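Remarks on the structure that follows.
Protein chains: 2
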Amino acid sequence: MTFRVTILGSSSALPTPQRNPTAHVLNVHEQFFLIDCGEGTQGRLQRAGINPLRINAVFISHLHGDHLYGIYGLISTLGLLGRRTPLCIYAPHPFGEILAAHLRYFDTDLCYEVQWHEVDTRKHALLYENKVLEVWSVPLRHRLPTSGYWFREKQPPLNLRKDWVDRYQLGIAQCVAAKRGEDVLLEDGRILQNRDLTYTPYQARSYAYLSDTLYSARAAHRIEGVDLLYHEATFMEQDRVLARRTGHSTARQAAQAAVEAGAGRLLLGHFSSRYSDLMPLLAEAQSLFPATALVEEGRSYEIPLVRNAPE
Amino acid sequence: MTFRVTILGSSSALPTPQRNPTAHVLNVHEQFFLIDCGEGTQGRLQRAGINPLRINAVFISHLHGDHLYGIYGLISTLGLLGRRTPLCIYAPHPFGEILAAHLRYFDTDLCYEVQWHEVDTRKHALLYENKVLEVWSVPLRHRLPTSGYWFREKQPPLNLRKDWVDRYQLGIAQCVAAKRGEDVLLEDGRILQNRDLTYTPYQARSYAYLSDTLYSARAAHRIEGVDLLYHEATFMEQDRVLARRTGHSTARQAAQAAVEAGAGRLLLGHFSSRYSDLMPLLAEAQSLFPATALVEEGRSYEIPLVRNAPE
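The structure is reproduced here in structure tokens:
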């Protein structure tokens, strides 16, 4: 039951030899979700050993090229690979117009459908849901409408405590009711509380992607309890004025967001190409939030499964 | 006096881990020209140590994504780098519409101008000229309007034969006339033939880029005497029917084009991703045209300067 994000790109607008334009791919129980799609994403998917046909949906934060220009090549390649299932792209307005203009000139005979779902960047809303996952939009504050995304594993079905089932010799119907979360009525009239009879087999995990954005306490509070937070840290605190003017955060502000969110771990990315040494950015963030790392290009970050034992 | 092409990408439509979408960069006397601009071109320019600001002009063969999708990122990056001189892009219709649509949504505040020059893909015409170089279009036969490009170094100015200048004690005016290509009248009435008095200091060089295309004898004849020919070889001869149907060439056909053109050397590229081993394509071409190589990703190919001695 994987929950793993792979960093395909983490540069800011100007890519460097070490960092590529932004794209992350999240694997939740072997379902793949692409978050932003900077130029060259398809090639880096290939190098990461991820079959692009396995991408369920794409979530675009905002319509700046360094987060988007890879979508054209990806759309073409999925056609060449013979995709049949529709590709859903969640993105702010006016992505639909951009997509339509693109499809007028290219990929006019695609063998699958590209669907656009407009993300209202002012709303914290449930955008996507399947059996194991929910994806929520998180309004951000950038130079143009921008949304972060919060990927929340769903609570797993309840497990029965085998010792209690045995002790009270519960039948199938009683077990099914208990797994549904109900209390169980015994033949002698006693009631077994569901919380005694069952337990959650593991803790649901979550990953939040907040980029590009000014520091936003409101956004941080919306992802409260997030296990792994990726937050942009384009600048250092000494360049705070520039960060403010360009709609970006400092490393310290990213750490502040992790504190506010009560995050488990923080990954910093989207570094300005002006910093050849990124260790001062790391130090700045760690002084406030020690569980911080500089995101590494091409690396995967797992949120390990924490299993609960029946108490 | 460099004349060198660097291969930034040489895959066919579906990139592989070994080969990226098409882009070549030609350095003629330290002036840089980009030929096609597949996704990721800006990153590979960077890795090749070529400053994208130094690109004089871009030549796009046709409007298939694998030859074009890198142009968006390149345009943005040149803006971030503060380019001031206009960027001229030579491309077939309707590239102007595509560019206009793109600029409506992105890079609305570019600090330089992007100019489009329409290439008439039915004409073999002089498109671009400066002191040292001419660029000619070469009509190709693909699934949509496509042009190859022929980059021809200009004939260098004539050098004077110092022994003749000394022997006849020529004055400045006579020397200038001779360098202009004129015969020289001596005071005693004799005439010195220009061909005796001068020589061409080195042989002008040329590079032709023919991709994507069916085999075309007419295109080959138009680049007669080319020193270095890059010709697409998407397929092997055994897949000739497929090549024909998709508007591509086989390796043998590429070699045939080199023979027809009287080329010096042939580089094969744009290989279908179906061939894991490319040596059979090489063998096929070499059986007809021995001076053939499989183009290597990231490598530069120099056309060495051949200096002439005064006879």
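Top to bottom, those sequences are chains A and B. According to this note's numbering, the first sequence is numbered sequentially starting from 3. According to this note's numbering, the second sequence is numbered sequentially starting from 3. All residues carry an ideal CB built from backbone N, CA and C; glycine is no exception. Small disclaimer: the values here were computed from a predicted structure and weren't measured.
> Between B:A210 and B:G264, which are expected to be in contact by the criterion C-beta below 8 Å, what is the C-beta distance as a whole number of angstroms?
Replying inline: No, B:A210 and B:G264 are not in contact; Cβ-Cβ is about 12 Å, not under 8 Å.
> If you compare alpha carbons, which of A:L28, A:G191 and A:Q195 is closest to A:A180?
Replying inline: A:Q195
>> Quick test of your reading: A:V60 and A:L36, contact by CB under 8 Å. State the CB separation rounded to the nearest angstrom.
In response: Indeed, because the Cβ distance is near 4 Å, the residues count as touching under 8 Å.
> A:I100 touches chain B at which residues, Cβ-Cβ below 7 Å?
Replying inline: Y107
>> Below 7 Å on C-beta distance, what does B:Q20 contact in chain A?
In response: Chain A residues near B:Q20: none, gap ~10 Å exceeds 7 Å.
> Are there 16 or more other CB atoms within 10 angstroms of the CB of B:G45, so buried, or fewer, so exposed?
Replying inline: Burial of B:G45 is indicated by the presence of at least 16 other C-beta atoms within 10 angstroms of its C-beta.
> Residues in the region 249-273 of chain A with C-beta within 7 Å of chain B's C-beta atoms, listed in sequence order?
Replying inline: none
> Shorter than 8 Å from the beta carbon of B:R49 to some beta carbon of chain A?
Replying inline: yes
> Any Cβ of chain B within less than 8 Å of the Cβ of A:G183?
Replying inline: no
>> Quick check on the DSSP output: the beta strand (DSSP E) that includes B:E136 runs from which residue to which?
In response: L135 to P141
> At least one CB of chain B closer than 8 Å to the CB of A:P54: is that the case?
Replying inline: no
> In chain order, what residues of the same chain lie with their CB nearer than 8 Å to the CB of A:R206, ignoring the 5 residues before and after it?
Replying inline: According to the sequence shown, residue 206 of chain A is Ala rather than Arg. Excluding its 5 nearest sequence neighbours in each direction, A:A206 has C-beta neighbours in its own chain below 8 Å: R154, E155, K156, Q157 and P158, listed in chain order.
> From A:V137 to B:Q288, what does the alpha carbon distance come to, in whole angstroms?
Replying inline: C-alpha separation (whole angstroms): 56 Å.
>> Using a Cβ-Cβ distance cut-off of 8 Å, determine whether A:P292 contacts chain B.
In response: no
>> I'd like the span of the alpha helix (DSSP H) that includes B:I100, first residue to last.
In response: From DSSP, the alpha helix (DSSP H) with B:I100 extends over F97 to Y107.
> Taking just the CA atoms, how far does B:H95 sit from A:S30?
Replying inline: In the sequence as displayed, the identity of residue 30 of chain A is Val instead of Ser. Approximately 44 Å, taken between the alpha carbons.
>> Give me the residue from A:Y114, A:N132, A:H144 and A:Q117 with the minimum Cα distance to A:R124.
In response: A:H144
> What did DSSP end up calling B:L76 once you bin it into helix, strand or coil?
Replying inline: helix
> Which stretch, first to last residue, makes up the alpha helix (DSSP H) that contains A:L284?
Replying inline: M281 to Q288
> Is the Cβ of B:E41 closer than 8 Å to any Cβ of chain A?
Replying inline: At least one CB atom of chain A sits nearer than 8 Å to the CB of B:E41.
>> Residues in the same chain with beta-carbon distance under 7 Å from B:D38, minus the five sequence neighbours each way, listed in chain order, please.
In response: Short of 7 Å from the beta carbon of B:D38, and not among the five residues preceding or following it, lie these beta carbons of its own chain, in chain order: T24, A25, H26, I62, S63 and H69.
>> So with CB distances below 9 Å, who are the chain B contacts of A:A25?
In response: Within chain B, no residue comes near A:A25; the closest Cβ sits about 12 Å away, beyond 9 Å.
> Are the C-beta of B:L16 and some C-beta of chain A separated by less than 8 Å?
Replying inline: yes
> Comparing alpha-carbon positions, which option in A:F34, A:L146, A:P88 and A:L162 lies nearest A:V134?
Replying inline: A:F34
> Taking buried to mean at least 16 other C-beta atoms within 10 Å of its own C-beta, is A:L228 buried or exposed?
Replying inline: This sequence places Val at residue 228 of chain A; Leu is not what is there. Under this definition A:V228 is a buried residue.
> Where do the ends of the alpha helix (DSSP H) carrying B:A222 lie?
Replying inline: A219 to R224
> What do you get for A:D279, buried or exposed, if any count of 16 or more other CB atoms within 10 angstroms of its CB means buried?
Replying inline: exposed
> So what's B:T200 in DSSP terms, helix, strand or just coil?
Replying inline: Looking at B:T200 - three-state DSSP - the assignment turns out to be strand.
>> Can you tell me whether A:R247 is buried or exposed? The criterion is at least 16 other CB atoms within 10 Å of its CB, across all chains shown.
In response: exposed
> Is the Cβ-Cβ distance between A:L283 and A:L270 less than 8 Å?
Replying inline: yes
> How would you call B:S302, buried or exposed, if buried means at least 16 neighbouring beta carbons within 10 angstroms?
Replying inline: exposed
>> Between the alpha carbons of A:H223 and A:A245, how many angstroms are there, rounded?
In response: Going from the Cα of A:H223 to the Cα of A:A245 covers about 21 Å.
> Beta carbon of A:L89, beta carbon of A:T43: below 8 Å?
Replying inline: no
>> Let me see if you follow: with CB-CB separation under 8 Å, is A:T8 close to chain B or not?
In response: Cβ-Cβ to chain B under 8 Å: no for A:T8.
> Quick one: what's B:G11 bridged to in DSSP?
Replying inline: Residue pairing by DSSP places B:G11 opposite B:A25 in a beta bridge.
> What residues from chain B crowd round A:S278, counting only those whose CB sits closer than 8 Å?
Replying inline: Per Cβ cutoff of 8 Å: no residues; A:S278 is ~15 Å from chain B at best.
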